[in-house]
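Undergrad: Quick one: the structure is below, questions incoming.
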Amino acid sequence: MEAVLTEELDEEEQLVRRHHKEKELQAKIQSWKNAVPWNDKKRRKQLTEDVAKLEAEMEQKHTEELDQLKLTSKETRQLEIKQIPSDGHCMYRAIEDQLKEQNGVLTVAALRCQTANYMQSHVEDFLPFLTNPNTGEMYTPEEFGKYCDDIVNTAAWGGQLELRALSHILQTPIEIIQADSPPIVVGEEYPEDPLILVYMRHAYGLGEHYNSVTRLVNTATENCS
Numbered sequence: 001m002e003a004v005l006t007e008e009l010d011e012e013e014q015l016v017r018r019h020h021k022e023k024e025l026q027a028k029i030q031s032w033k034n035a036v037p038w039n040d041k042k043r044r045k046q047l048t049e050d051v052a053k054l055e056a057e058m059e060q061k062h063t064e065e066l067d068q069l070k071l072t073s074k075e076t077r078q079l080e081i082k083q084i085p086s087d088g089h090c091m092y093r094a095i096e097d098q099l100k101e102q103n104g105v106l107t108v109a110a111l112r113c114q115t116a117n118y119m120q121s122h123v124e125d126f127l128p129f130l131t132n133p134n135t136g137e138m139y140t141p142e143e144f145g146k147y148c149d150d151i152v153n154t155a156a157w158g159g160q161l162e163l164r165a166l167s168h169i170l171q172t173p174i175e176i177i178q179a180d181s182p183p184i185v186v187g188e189e190y191p192e193d194p195l196i197l198v199y200m201r202h203a204y205g206l207g208e209h210y211n212s213v214t215r216l217v218n219t220a221t222e223n224c225s
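Numbering (the UniProt record's numbering), first residue to last: 1 to 225.
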């Protein structure tokens, strides 16, 4: 736990340092303001407005980044990463694990089958987002059919489109926590507690990967019970 906390503090320190550099940029902007003659009212007014807008946007960005870092930290959210095998089924296994956390039971095979069926029955919601890597053209109906067949019959990796389908199938939001970006939530229209996955962009040298999470156990509280 101490190592985790130290890592998070290091990340926050790096963030603060980056913000400090941006503060130095602000000082440079101020020098530009000073370079505009006071008697050039039109230029000075425009520069003042532009700089004020830039400063407000920068301050907002700082606040959002720091808040996001705290939001996604383990200590704040009381979450711990639960490792999922990197075998091509990782996203479905992570969903399966999250359902178990909520006393739900659906196997990886069932999740894959239902995902493919949903996508095939809602072609217009998914086909525009799939392109042939060789031609850059949108999938043909035949290519889309094969894509769905591969979901069921192979260890094809699941991503954003499949998560969207699963959120509708389960009628549950799915939150994806990322190390370098704000969390993404699909299925926000559903009122249930979200299933939570962790997206790892370069895990194990194999490319994109999903893990599950579990709630941190408060051992001090447990020992007192």
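Glycine included, C-beta positions come from ideal geometry on N, C-alpha and C. From a predicted model like this one, the values you see are computed outputs, not experimental measurements.
Could you tell me if S181 is buried or exposed, where buried requires 16 or more neighbouring beta carbons within 10 angstroms of its beta carbon?
TA: S181 comes out exposed.
Undergrad: Report the rounded CA-to-CA distance for K42 versus A179, giving the unit in angstroms.
TA: Taking the straight line from one Cα to the other gives about 45 Å.
Undergrad: Report yes or no: do three or more beta-carbon pairs, one from the stretch 143-158 and one from the stretch 120-134, lie closer than 8 Å?
TA: Contact between the stretch 143-158 and the stretch 120-134 is present, because at least three Cβ pairs lie under 8 Å.
Undergrad: Cβ-heavy atom distance between E192 and the ligand SAH below 6 Å?
TA: The ligand SAH is absent from the structure shown, which contains no ligand whatsoever.
Undergrad: What separation, rounded to the nearest whole angstrom, lies between the Cα atoms of Q46 and P37?
TA: For Q46 and P37, the distance between alpha carbons rounds to 13 Å.
Undergrad: Whole angstroms are fine: how far does the CA of N211 sit from the CA of Q78?
TA: Cα to Cα, Q78 sits roughly 16 Å from N211.
Undergrad: Using the DSSP secondary-structure output, state which residues sit across from E96 in a beta bridge.
TA: Note: E96 sits in no beta bridge, so no partner.
Undergrad: Go through its chain and collect everything with a Cβ distance to R164's Cβ below 7 Å, but skip five positions before and after it.
TA: Counting only Cβ-Cβ distances below 7 Å, and skipping sequence neighbours, we find V186.
Undergrad: Would you mind reading off the limits of the beta strand (DSSP E) that contains L79?
TA: Start and end: 79-82.
Undergrad: Looking at chain C, is there any beta carbon in it that lies within less than 7 Å of the beta carbon of R93?
TA: The structure shown contains no chain C; it holds only a single protein chain.
Undergrad: With a floor of 4 residues, list each alpha helix (DSSP H) that falls wholly inside the stretch 85-129, ordered by position along the chain.
TA: Entirely contained in the stretch 85-129, the alpha helix (DSSP H) runs reaching 4 residues are, in chain order, 90-101, 108-121, 123-126.
Undergrad: What is the C-beta distance between I95 and L166, in whole angstroms, given that I count them as a contact (C-beta under 8 Å)?
TA: Rounded, the Cβ-Cβ distance is 6 Å, consistent with contact.
Undergrad: Considering only their Cβ atoms, is the gap separating P183 from I177 smaller than 7 Å?
TA: Yes, the Cβ-Cβ distance between I177 and P183 is below 7 Å.
Undergrad: For the 8 Å Cβ check, are there 3 or more pairs between the stretch 187-199 and the stretch 97-110?
TA: Segments in contact, yes.
Undergrad: Helix, strand or coil for E188, going by three-state DSSP, please let me know.
TA: Three-state result, E188: coil.
Undergrad: Please report the straight-line C-alpha distance between L54 and K33, rounded to a whole angstrom.
TA: Taking the straight line joining both Cα atoms gives about 13 Å.
Undergrad: Could you round the C-beta distance between V108 and H89 to whole angstroms and report it? I think they count as a contact, below 8 Å.
TA: About 5 Å; that satisfies the 8 Å criterion.
Undergrad: To the nearest angstrom, how far is it from the Cα of Q114 to the Cα of L216?
TA: Their backbone Cα atoms lie some 31 Å apart in a straight line.
Undergrad: Can you pull the DSSP bridge partners for E57?
TA: E57 pairs with nothing; no bridge assigned.
Undergrad: Where does L216 fall in DSSP's three states?
TA: L216: coil per DSSP, three-state reduction.
Undergrad: Buried or exposed: which applies to H209, given that a residue is buried once 16 or more other Cβ atoms fall within 10 Å of its Cβ?
TA: It is buried - the Cβ of H209 has at least 16 other Cβ atoms within 10 Å.
Undergrad: State the start and end residues of the unbroken beta strand (DSSP E) segment that holds Y199.
TA: It spans 195-200 - the beta strand (DSSP E) in which Y199 sits, taken as one unbroken run.
Undergrad: Which two residues bound the contiguous alpha helix (DSSP H) that contains Q160?
TA: First-last of the alpha helix (DSSP H) with Q160: 160-170.
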